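Novice: Numbers in this note's numbering are just positions in the sequence shown, counted from 1, shifted up by 1141.
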Amino acid sequence: MQRSHLPDRERLASALADSLYKTIFSGGLRITPRRVQQIARQIAATFSHFAAEGDEQKVQAQGRTLAADGLGPPSILALSETLCRSQNGTGSNPDLATRFIVAMLGGYMTEREKRIVREQERIRRAWQRTLESRRGTAQNVGFIADG
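(1) Helix, strand or coil for F1188 per DSSP?
(2) Hey, could you find the ends of the alpha helix (DSSP H) D1149 is sitting in?
(3) Just to confirm, are L1220 and A1238 a CB contact at a threshold of 8 Å?
(4) Quick one, are the C-beta atoms of M1245 and Q1203 less than 8 Å apart?
(5) DSSP three-state call for I1180: helix, strand or coil?
(6) Just the C-alpha distance for D1210 and T1271, rounded to the nearest angstrom, thanks.
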């Protein structure tokens, strides 16, 4: 793919940052403005690399990083929309943004699912400890009452 048909990387990073700023507080996301800029530049760089090399593994890794950073679905959808719009009128392959988004979402959903399972396991262990503690307390109360 010819690079002249790609959106300017800095303009893309700026548009991505704008879409992140609009969704920054959705789902409890709290990141600094500097981090928003870093994420936007990383995505723009990954998109440029993908356009040149077609490296879906790097795009999936980017999606996993976005999940690890705590971006929620509204932010991911906003980024995806911005990437699609960035391709309008560039003369590039219209499937480029779609393939990028599919790979990014694949990595994002995989990491997000892992994080949800880990959180559920943490909650289950805490619940188990509480239940065992209450059982012990109930047994002690019964022992004292019998004594």
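Glycine included, every Cβ here is placed at the ideal spot set by N, Cα and C. Values in this document were obtained by computation on a predicted structure and should not be read as measured data.
Specialist: In short:
(1) The residue given as residue 1188 occupies position 47 in the sequence shown. Here F1188 sits in helix by DSSP.
(2) For the purposes of this step, residue 1149 is identified with residue 8 of the sequence shown, where counting begins at 1. Unbroken run through D1149: none, as it is neither H nor E.
(3) Residue numbering aside, residue 1220 sits at position 79 when the sequence shown is read from its first letter. Residue numbering aside, residue 1238 sits at position 97 when the sequence shown is read from its first letter. No, these two residues do not count as a Cβ contact at 8 Å.
(4) Counted from its first residue, the sequence shown places residue 1245 at position 104. Counted from its first residue, the sequence shown places residue 1203 at position 62. Yes, Cβ-Cβ distance for M1245 and Q1203 is below 8 Å.
(5) Residue mapping note: residue 1180 aligns to position 39 of the sequence shown, counting from 1. DSSP places I1180 in helix when its eight states are reduced to three.
(6) Residue mapping note: residue 1210 aligns to position 69 of the sequence shown, counting from 1. Residue mapping note: residue 1271 aligns to position 130 of the sequence shown, counting from 1. For D1210 and T1271, the distance between alpha carbons rounds to 30 Å.
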